[in-house]
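**Q** Handing you this structure, nothing more for now.
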Amino acid sequence: MGSRLAASIVQRWFGAPGEDPLLVLQRASGERPEAAEALAAFLDTNALEPLCRYLRNSGLDEADARSRAAAIDAFVLGVSTRRRVLRSELGDPAHLQAWLSATIQRLADG
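Numbering (the numbering used here), first residue to last: 50 to 159.
So, in structure tokens, the structure goes:
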């Protein structure tokens with residue numbers, strides 16, 4: 050799971066031309082409550098819940114699946130904030146993908 054999710058993240062960050070709408074919402078969320086609410090709802094529906102469902106289907110109980118999904122979600126959002134909102138260098142895509150992959154997999158494995 051870690052490698053697939055990391056590949057998707059890196060492709061989005063490096064491959065999408067123009068302004069990323071999620072990044073726009075993330076930047077605006079600190080200033081505008083409606084942006085924060087929209088981003089939270091989007092991430093809950095499109096990231097947290099699918100992760101939780103995947104982990105439950107992999108054999109985890111609801112509490113463990115939700116806890117691990119929340120850890121992955123927080124990690125990815127933190128990396129996105131550091132690298133994209135605070136505009137730290139993204140670095141080499143292959144290195145970033147390998148690091149994300151390993152870390153996400155560790156969080157998924159518990």
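Just so you know, even glycine gets a beta-carbon here, dropped at the ideal spot from N, CA and C.
Smallest Cα separation from I58: which of G159, I153, D158 and A157?
**A** Nearest C-alpha to I58: I153.
**Q** Look at the alpha carbon of A55 and the alpha carbon of L126, and state the distance between them as a whole number of angstroms.
**A** Taking the straight line joining both Cα atoms gives about 13 Å.
**Q** Which residue spans inside the segment 54-80 form an unbroken alpha helix (DSSP H) run of at least 4?
**A** Whole alpha helix (DSSP H) segments, 4+ residues: 70-77.
**Q** Hey, quick one: how far does the alpha helix (DSSP H) through S116 stretch, first residue to last?
**A** S116 -> alpha helix (DSSP H) spans E111 to S129.
**Q** Under 8 Å between the Cβ atoms of L145 and I121?
**A** In this structure, I121 does not lie closer than 8 Å to L145 by Cβ.
**Q** Assuming T152 is part of the alpha helix (DSSP H), what are its boundary residues?
**A** Element bounds for T152: P142 to D158.
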